[in-house]
Every structure is written in structure tokens, then in C-alpha cells.
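In the UniProt record's numbering, the protein residues as written are 1 to 461. Structure first, then comments.
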Ligand code: NAI
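Shown next as C-alpha cells:
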């Protein structure tokens, strides 16, 4: 017999970025919240995703800088990578953020329920025989690393990203299956740590969701870094060899390495959770909602990676805040997916907001679009950092900029201004009035807008 666990304004199933953001905003709005999770608060992003991978990428940058220090007149030798030390640093970052998050949730008097929950009625989630009833329910169960049919992830030679994050050694060589975000980030880390890396990507280019010119720039930079990649051929199978793995591509070409990382996307965690039984519509596992993130069933909402679209933590935060405000009756503005900034933290970094040139041509017509590329060769700070890349703007003629696409070291930090420009539908003439500090990489964005407004400073229009 199940027991009552309590009645709340909102019951949230899943305490990752989407779930906990909804909980925090709801508590600010004086709503009572039960936040249910079977694992650590903070979910994939904090424990097995964004945060630990970015710590690895930072350690990778330090390794590269040490290796290349002589270019800057600094004499240093890279003696080696101590993975125990790297992991201790990475785990320390996660632990501090985890502690902070626990404190925030406690302060806000959110009822945290540890355990695996299941939706058993339109307003009830059951956890270990206890029923938590909500005037509203938010489904926030996140995603898992997908594999391919017949490709068994054993965590030893064939890894998913959560295994790759816990490696206690630098592999001598690695095959990265999938040249999307996770693929290029791990390829970048392992190469910086000294491994021989080969990326296998079925589509014709790396980071295929980005603007085509950005893919070309990443490929050029990877070639220079001697990161191998094979694009345009789907992967067929992997076999174990004496010391590692052998991957075969369509057409028969093979690649061998010590390990293989599977980075072919993430699937929504929605099976066996009672969603369909309660009438929630699933499409290939994703929860279908309207633009206000309502499922159309009772007062059930969905947030984050289980909702079709970008699987990004900050989208989860934004959606979580949105739903809490919706429930509180604040009528928040609908989130524009294209206005969500995207950053890939490889070396070089990639950052973008808005739509690609190809998409803009499709949407507005080829003759209605113009683009401008500002090369980082003209940007003082980028020259100091010795990085290459560019800022590309896609503009509707006589209208706002609808896409900002950037590539280069540390360029991800520029996406903050880019997303303001995009989301405020700023005209190049307006942005051109704003003063950018010199010398910053941010100036490259300013210069691109100056050029588009017809008054270039350190470039030709
Ligand atoms: P992804 O969708 O970005 O890339 C997967 C890649 O695998 C695609 O390019 C696809 O064409 C390729 N692929 C699929 N089947 C294949 C096959 N049979 N043979 C060869 N290639 C194949 O997914 P990824 O990189 O696994 O990341 C998952 C999610 O996590 C993404 O949605 C991403 O947004 C998120 N993420 C975000 C990060 C960030 O914002 N910096 C970092 C890491 C992940």
C-alpha cells in the first residue's frame, strides 16, 4: 500500500539543470516544491557533462600552452599529464559546485526526495511506495548517451562520455565515433594530452550543426593539430583486438586504437516512467509539448533534454524558470530556440547564436541575405594569443543580424554579447555605436558590426 508523501504546488521529477532551475524559481515565487531524483542533485551537466568536461578542456589548454610556451619566450617543458591530478582538480570543481547547489536548494526550503520516481497519476509521482502529489508536475528526467545497434559500450574499450570522464590514464590512441559536440571536445582534450586521435563522422563535416564555414575552420585547425578525422562515411562495426579496438567504416576502411568513444548523440530518458500510461505523447522517446512546455495532459509540463530541441544545460535553466513563472501566473515570453547560444569548447572554440547562412537563405531567400566575416588576424588580442579564426555575421538586408558564428581560441566568451544582439534584434548600425574595449577579442565582434554598418576600422568592408 503506498503512503502519502505530501502535497505540493509543484512536483518535479529529475533534479538536473531543468528540474532544479524550475525548483529554485518556484521557491522564489513562494510555491512549495518536491524535487525528486535517484542520483545526485545537479544531473548530467554538473556531474557527468558540461562541468567536468570543461575542466578537462582547461587542463588540456594548460598542457598546450606549456608545450608551446617557447613561442612566447617562456621556457618550460611538459613533463607529462598526471591523470590522477587532472581528475582531482576536475572532481574538486564539481564537488564545490555540488555543495553550493545543495545549499541553495536547502535555503529555499525545497523538499528534496532521493529515489527513483514514477508518474502514477496525472498529478502524482511515486517514490519508494510514497506518493507525492502536485497541483502541477514537471517532467525533467534528462538524457542518456546513445549507442548504435550492435555497438556494445563496455566502459573499458568502448566508452560513453561518462566513462571517458573517469579515465585514469591518457590513452595512447583513441577513436572518437561522432564528430558532433562531445566528439570534438574529447578529441581536442585527448590530443592535447598526447594521444593519437581519429574522429569518424558519418556526415560530410565536423560540427555539422554549425555554419559550414565554421566546420571548415575547425577542420583546418584540427588538421594543423594533427587530429585525424574521416567524414562522410558511416561507421559499420567495432571489434576487439589484442590491445584495443578496430573500427570499420562503410566501404571497408579500418582504424585501430586503444579505445573508442561513442559520441553519436543523447537520447531522452522517458521509458518506463509512466509518462505514456498517463497520456503524455512521446515521439521517438521525446516528450511533445506546446511552445509553453505544457504536455496537454493535466497540469504536466516537461523541461530540458526530454523536450525536442537543443540539449543544452542553459536551455534547461531557461525552460525551468519559464515553467515556474508560468505556473505562478506570470505569463513569461516564449523562449526562442534560435536565440539560445551554443558553445563547443574544443581548441579552437566554436560559438554561435541565431541561424546559419544556409538556413537564412532558405528562410529569407538568397538575395535577401548578406554576410560578413571579420578575421581574427586583425584583432589585437587574438594576435597576442596567437589564435586564428573569425566572426561571421549573417544579416537580413536592411534588417537585423540573424546569425552570429565564431571560431577561435576563447571565442566562447563572446557569445554573451552575440546573444544580446540577436535576441534584441539589433541593427548593425546600432551595435556599431557601442564601444568595445581594446585590446579584447570582444572587439572582433564590434569590428564586424562596424564593417557591416559601412564604417570598418581595422578591416576593409
Ligand atoms: P551530436 O548530435 O552533437 O553529434 C553526434 C554526431 O554523431 C553527429 O555529427 C552524427 O552525424 C554522428 N553520428 C551518428 N551516427 C553515426 C554513425 N553511425 N557513424 C558516424 N557518425 C555518426 O551529439 P553528441 O556530440 O553526442 O552530444 C550530445 C548532446 O550533448 C548534444 O545535443 C550536445 O548539444 C550536448 N553537448 C553539448 C556540449 C556543449 O554545449 N559544449 C558539450 C557536449 C555535449
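Ideal Cβ positions, reconstructed from N, Cα and C, are used throughout, including at glycine.
Burial is judged here by how many other beta carbons sit within 10 angstroms of a residue's own beta carbon; residue 74 has fewer than 16 and is exposed. Cβ contact annotation for residue 54 (same chain, cutoff 8 angstroms, sequence separation greater than five): 345, in chain order. DSSP, read as helix, strand or coil, puts residue 196 in strand. For residue 66 and residue 124, the gap between their C-alpha atoms comes out near 55 angstroms. The beta carbon of residue 459 is closer than 7 angstroms to those of 374, 378, 447, 451 in its chain, skipping five residues each way along the sequence. Contact between residue 341 and residue 218 fails: their C-beta atoms lie close to 17 angstroms from each other, not under 8 angstroms. Looking at 163, 92, 192, the one whose alpha-carbon comes closest to that of residue 63 is 192.
For residue 367, the secondary structure class from DSSP, reduced to helix, strand or coil, is helix. For the pair residue 23 and residue 105, the CB atoms are nearer than the 8 angstroms cut-off.
When secondary structure is reduced to three states using DSSP, residue 116 falls in the coil class, being assigned neither helix nor strand. The three-state secondary structure of residue 64, taken from DSSP, is helix. Judged by their CB atoms, residue 263 and residue 355 are not nearer to each other than the 8 angstroms cut-off. In terms of Cα proximity to residue 139, the closest of 127, 422, 310, 294 is 294. Annotation note: the segment 359–427 contains the following uninterrupted alpha helix (DSSP H) runs of length 4 or greater, listed N- to C-terminal: 380–385, 415–423.
Annotation for residue 136: the continuous beta strand (DSSP E) segment containing it runs 130–139. Residue 175 is bridged by DSSP to 198, 260. Here DSSP, grouped into helix, strand and coil, assigns residue 37 to strand.
For residue 18, the secondary structure class from DSSP, reduced to helix, strand or coil, is helix.
By a beta-carbon distance limit of 8 angstroms, residue 211 does not contact residue 84. Their separation comes to about 39 angstroms. Shown here for residue 187: same chain residues with a beta carbon closer than 6 angstroms to its own, the five before and five after excluded, namely 176, 197, 199, 227 in chain order. The residue from 166, 180, 162, 158 with its alpha-carbon nearest to that of residue 174 is 158. Between the ligand NAI and the CB of residue 311, the shortest heavy atom gap is smaller than 7 angstroms.
Distance check between residue 60 and each of 81, 41, 49 places 81 closest, using alpha-carbon atoms only.
Setting aside the 5 residues that flank it on each side, residue 127 is surrounded in the same chain by 36, 113, 115, 117, each with a C-beta closer than 6 angstroms to its C-beta; the list follows chain order. Here residue 289 carries a coil assignment [DSSP, helix/strand/coil]. Taking 7 angstroms as the cut-off, one finds no heavy atom of the ligand NAI near enough to the beta carbon of residue 349. Contact annotation: residue 16 and residue 304 have beta-carbon atoms nearer than 8 angstroms. With fewer than 16 neighbouring CB atoms inside 10 Å of its own CB, residue 3 falls in the exposed class. Take residue 391, set aside five residues on each side of it, and the residues of its chain with a beta-carbon closer than 6 angstroms to its own are 374, 406, 444, 445, 448, in chain order. In the structure shown, residue 89 adopts helical secondary structure according to DSSP, grouped into three states.
By the Cβ test, the segment 382–389 is not in contact with the segment 89–100, since fewer than three Cβ pairs between them sit closer than 8 angstroms. If you draw a straight line from the Cα of residue 352 to the Cα of residue 5, it is about 44 angstroms long.
Annotation for residue 446: the continuous alpha helix (DSSP H) segment containing it runs 442–452. Under the three-state reduction of DSSP, residue 10 is assigned to strand. Assigned with DSSP and collapsed to three states, residue 98 falls in helix. Residue environment analysis places residue 18 among the buried positions, since at least 16 neighbouring C-beta atoms fall within 10 angstroms of its C-beta.
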